[in-house]
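Undergrad:
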Amino acid sequence: MMSSILLNPQLIIYSAALGETALAVRIISALACGVIAGLLIKFLFKDRKFFNFSGFSEPTSRDNNPNVLLRLLKNIWRNIKATGPYFLIGILLSALFQHYVSPDAFANLFGSQRGFGVLMAATIGVPLYVCGGGTIPLLMAWLDSGMSMGAAAAFMITGPATKITNLGAVKIVLGAKHFTAYVAFTIISAIIAGVVVNLLV
Numbered sequence: 042m043m044s045s046i047l048l049n050p051q052l053i054i055y056s057a058a059l060g061e062t063a064l065a066v067r068i069i070s071a072l073a074c075g076v077i078a079g080l081l082i083k084f085l086f087k088d089r090k091f092f093n094f095s096g097f098s099e100p101t102s103r104d105n106n107p108n109v110l111l112r113l114l115k116n117i118w119r120n121i122k123a124t125g126p127y128f129l130i131g132i133l134l135s136a137l138f139q140h141y142v143s144p145d146a147f148a149n150l151f152g153s154q155r156g157f158g159v160l161m162a163a164t165i166g167v168p169l170y171v172c173g174g175g176t177i178p179l180l181m182a183w184l185d186s187g188m189s190m191g192a193a194a195a196f197m198i199t200g201p202a203t204k205i206t207n208l209g210a211v212k213i214v215l216g217a218k219h220f221t222a223y224v225a226f227t228i229i230s231a232i233i234a235g236v237v238v239n240l241l242v
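Quick note on our numbering: the sequence shown kicks off at 42 and runs consecutively.
1) Going by C-alpha to C-alpha distance, which of L59, A63, I68 sits closest to P50?
2) Taking buried to mean at least 16 other C-beta atoms within 10 Å of its own C-beta, is W118 buried or exposed?
3) Is the distance from the Cβ of A194 to the Cβ of A234 below 7 Å?
4) By the 10 Å Cβ neighbour count, where 16 or more other Cβ atoms means buried, how is T206 classified, buried or exposed?
5) Under a Cβ-count criterion, where at least 16 other Cβ atoms within 10 Å of its own Cβ denotes burial, should K218 be classed as buried or exposed?
6) For K204, count neighbouring C-beta atoms within 10 Å of its own C-beta (all shown protein chains included) and say buried if the count is 16 or more, exposed if not.
7) Beta-carbon within less than 7 Å of K212's beta-carbon, same chain only, minus the 5 sequence neighbours each way: which residues are those?
8) Rounded to the nearest angstrom, how far is the Cβ of L59 from that of I232, given a contact under 8 Å?
9) Just to confirm my understanding: we take V238, look at its own chain, exclude 5 residues before and 5 after, and list those with CB closer than 6 Å. What are they?
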């Protein structure tokens with residue numbers, strides 16, 4: 042569940058614009074978070090129920106057109122409608138950022154101050170992340186301005202994991218007590234991943 046929250050096929054395609062290193066960091070960190078979360082649940086909750094899916098109905102598919110090409114085009118259009126506005130907002134925010142924020146100050150905060158930069162990136166990932174596609178222009182601008190890859194990794198974990206729509210679904214599945222553990226695990230994982238990435242990249 043953790044990996045599917047952090048990563049999806051569209052996000053992999055979008056993240057390719059960030060470069061091979063950032064794409065690899067995003068994929069590996071998402072998979073690592075999923076594996077570690079699964080192992081923790083297996084060993085800490087082996088005799089107890091952790092998930093509750095009773096609040097969800099059976100999934101239904103909207104892709105019932107027999108024409109494969111038409112189904113593909115409809116899916117592409119749905120993705121454009123869902124992510125397009127946020128992508129444009131991301132471009133606007135990145136343009137404002139480049140105009141108003143000093144590159145030296147940004148590089149000092151998120152680049153040279155590597156430990157603190159990771160913590161700050163993990164923190165801003167919570168309120169700033171609305172749509173994966175919309176954050177790509179921002180991340181591109183931030184990386185170009187000197188953000189460390191570790192700070193970017195932290196942002197790429199806390200962002201999707203604490204997106205409002207994801208949090209709502211996760212809280213229903215986990216309940217209040219386990220939901221708190223999920224949020225804590227997300228933040229701790231983001232910081233650890235960011236520090237490790239900065240040491241390796």
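We put the beta carbon where it would ideally sit given N, CA and C, even for glycine.
Note that the structure is predicted; figures quoted are calculated from it, not measured.
TA: In short:
1) As a first step, residue 50 must be located in the sequence shown, where it is residue number 9. Considering only alpha carbons, the answer is I68.
2) Position 77 of the sequence shown, counted from the first residue, corresponds to residue 118. Result: exposed.
3) Taking the first residue of the sequence shown as 1, we reach residue 194 at position 153. Taking the first residue of the sequence shown as 1, we reach residue 234 at position 193. It is a contact, given that the beta carbons lie within the stated cut-off.
4) In the sequence shown, the residue the question calls residue 206 occupies position 165. Looking at its Cβ environment, which holds fewer than 16 other Cβ atoms inside 10 Å, T206 is exposed.
5) To locate residue 218, count along the sequence shown from 1; it is residue 177. Classification of K218: exposed, given that the 10 Å Cβ count is below 16.
6) The residue given as residue 204 occupies position 163 in the sequence shown. Counting Cβ neighbours within 10 Å, K204 comes out buried, since at least 16 surround it.
7) One-based indexing of the sequence shown puts residue 212 at position 171. Closer than 7 Å at Cβ, skipping near neighbours: F220.
8) For the purposes of this step, residue 59 is taken as the residue at position 18 of the sequence shown. For the purposes of this step, residue 232 is taken as the residue at position 191 of the sequence shown. With 8 Å as the limit, L59 and I232 do not qualify as a contact, their Cβ atoms being about 20 Å apart.
9) For the purposes of this step, residue 238 is taken as the residue at position 197 of the sequence shown. Hits under 6 Å: V66, M190, G191, A194.
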